[in-house]
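Protein sequence lines correspond, in order, to chains Z and D. Quick note on my numbering: the first sequence kicks off at 24 and runs consecutively. Quick note on my numbering: the second sequence kicks off at 4 and runs consecutively. All C-beta atoms in this analysis are idealised placements derived from N, C-alpha and C, irrespective of residue type, glycine included. Because the structure is a prediction, the values reported are computed rather than measured. Some notes on the structure that comes next.
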Amino acid sequence: EDKVVQSPLSLVVHEGDTVTLNCSYEVTNFRSLLWYKQEKKAPTFLFMLTSSGIEKKSGRLSSILDKKELFSILNITATQTGDSAIYLCAVGTGTASKLTFGTGTRLQVTL
Amino acid sequence: SQTIHQWPATLVQPVGSPLSLECTVEGTSNPNLYWYRQAAGRGLQLLFYSVGIGQISSEVPQNLSASRPQDRQFILSSKKLLLSDSGFYLCAWSVGQYYEQYFGPGTRLTVT
Numbered sequence: 024e025d026k027v028v029q030s031p032l033s034l035v036v037h038e039g040d041t042v043t044l045n046c047s048y049e050v051t052n053f054r055s056l057l058w059y060k061q062e063k064k065a066p067t068f069l070f071m072l073t074s075s076g077i078e079k080k081s082g083r084l085s086s087i088l089d090k091k092e093l094f095s096i097l098n099i100t101a102t103q104t105g106d107s108a109i110y111l112c113a114v115g116t117g118t119a120s121k122l123t124f125g126t127g128t129r130l131q132v133t134l
Numbered sequence: 004s005q006t007i008h009q010w011p012a013t014l015v016q017p018v019g020s021p022l023s024l025e026c027t028v029e030g031t032s033n034p035n036l037y038w039y040r041q042a043a044g045r046g047l048q049l050l051f052y053s054v055g056i057g058q059i060s061s062e063v064p065q066n067l068s069a070s071r072p073q074d075r076q077f078i079l080s081s082k083k084l085l086l087s088d089s090g091f092y093l094c095a096w097s098v099g100q101y102y103e104q105y106f107g108p109g110t111r112l113t114v115t
């Protein structure tokens with residue numbers, strides 16, 4: 024059975040801190056790893072990674088994939104209160120572009 | 004641009020009542036469609052997916068069913084709801100072999 028594990032489950036930081044969110048996976052037929060941000064309702068797409076060692080970056084967010092060790096990290100620098108959300112990691116496998124999601128990391132950024 | 008709609012936004016139903024949740028996508032043809040359920044504070048569990056009209060694959064055995072009567076319409080149904088069916092239901096779409104999925108606003112279902 025495909026498995027995606029995220030850590031930590033929850034995290035409280037002060038505005039301006041840098042955070043690292045972790046995602047490890049055990050799946051058959053790995054195709055890609057995706058990160059989503061979920062505030063109140065629908066998850067919104069952040070990154071998709073398919074190759075090891077190539078960093079994807081968008082503003083203060085960046086992510087990298089290690090296909091040998093089967094994990095990815097999501098970094099957020101200079102956190103802001105607007106970064107407070109659940110961050111979901113998902114792995115794409117097999118047919119029909121199916122995704123297997125982790126349980127998410129709940130990030131709270133305080134003033 | 005593509006848009007995905009879900010309704011209703013919230014729903015409170017008694018145990019044993021039927022359910023019908025609808026999802027429609029605009030601005031794309033022949034999308035892959037997905038139904039997920041998210042329990043409180045948990046990740047997303049894939050319930051059903053469809054790669055074309057009338058083609059439904061079930062991921063989790065349960066008392067829910069799905070149908071795709073039109074290319075861009077996906078319906079989640081139940082004949083008799085259970086308490087355990089409570090949760091946040093999300094519809095999503097993707098195109099072809101691309102793994103990026105885009106989510107609708109969701110329906111929060113409470114079974115009482």
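- S86(Z) places its beta carbon less than 7 Å from that of F70(Z).
- Near chain D, meaning a CB-to-CB distance below 7 Å, the residues of the stretch 46–64 of chain Z are R54, S55, L57, K64.
- E103(D): not part of any beta strand (DSSP E); DSSP gives it neither H nor E.
- Between D88(D) and V114(D), the CB-CB gap stays under 7 Å.
- Listed as beta-bridge partners of G55(D) by DSSP are Q58(D).
- For L93(Z), same chain residues with a beta-carbon under 7 Å away, outside a window of 5 residues either side, are S47, Y48, E49 in chain order.
- Interface annotation, S120(Z): in contact with chain D, CB-CB separation under 7 Å.
- The CB of F106(D) comes closer than 7 Å to the CB of A65, P66 in chain Z, given here in chain order.
- Minimum Cα-Cα distance from P11(D) among the listed residues C26(D), P17(D), G99(D) corresponds to C26(D).
- The Cβ-Cβ distance between L56(Z) and L72(Z) falls below 7 Å.
- Exposure of G76(Z) is indicated by the presence of fewer than 16 other C-beta atoms within 10 angstroms of its C-beta.
- From the beta-carbon of G115(Z), the residues of chain D found nearer than 7 Å are Y102.
- Between S97(D) and chain Z, the shortest Cβ-Cβ separation is below 7 Å.
- Closer than 9 Å at the C-beta level to chain Z, one finds these residues of the stretch 29–50 of chain D: N35, Y37, Y39, Q41, G44, R45, G46, L47, Q48, L49.
- With respect to the C-alpha of K60(Z), the residue from T110(D), Q104(D), H8(D), Q9(D) having the closest C-alpha is Q104(D).
- Restricting attention to Y110(Z), L122(Z), S120(Z), E78(Z), the CA atom closest to the CA of R45(D) is found in Y110(Z).
- In this structure, T118(Z) is the residue among T118(Z), V132(Z), T128(Z), D89(Z) with its C-alpha nearest to the C-alpha of Y52(D).
- Beta-bridge annotation (DSSP): A113(Z) is paired with L57(Z), F124(Z).
- For L67(D), the beta-bridge partners assigned by DSSP are S81(D).
- Residue pairing by DSSP puts V15(D) in a beta bridge opposite T113(D).
- Using a Cβ distance threshold of 7 Å, G109(D) and K64(Z) count as a contacting pair.
- Using beta-carbon distances, Y52(D) counts as an interface residue toward chain Z, with a partner under 7 Å.
- Contact annotation for F124(Z) against chain D: G46, L47 [CB-CB distance below 7 Å, chain order].
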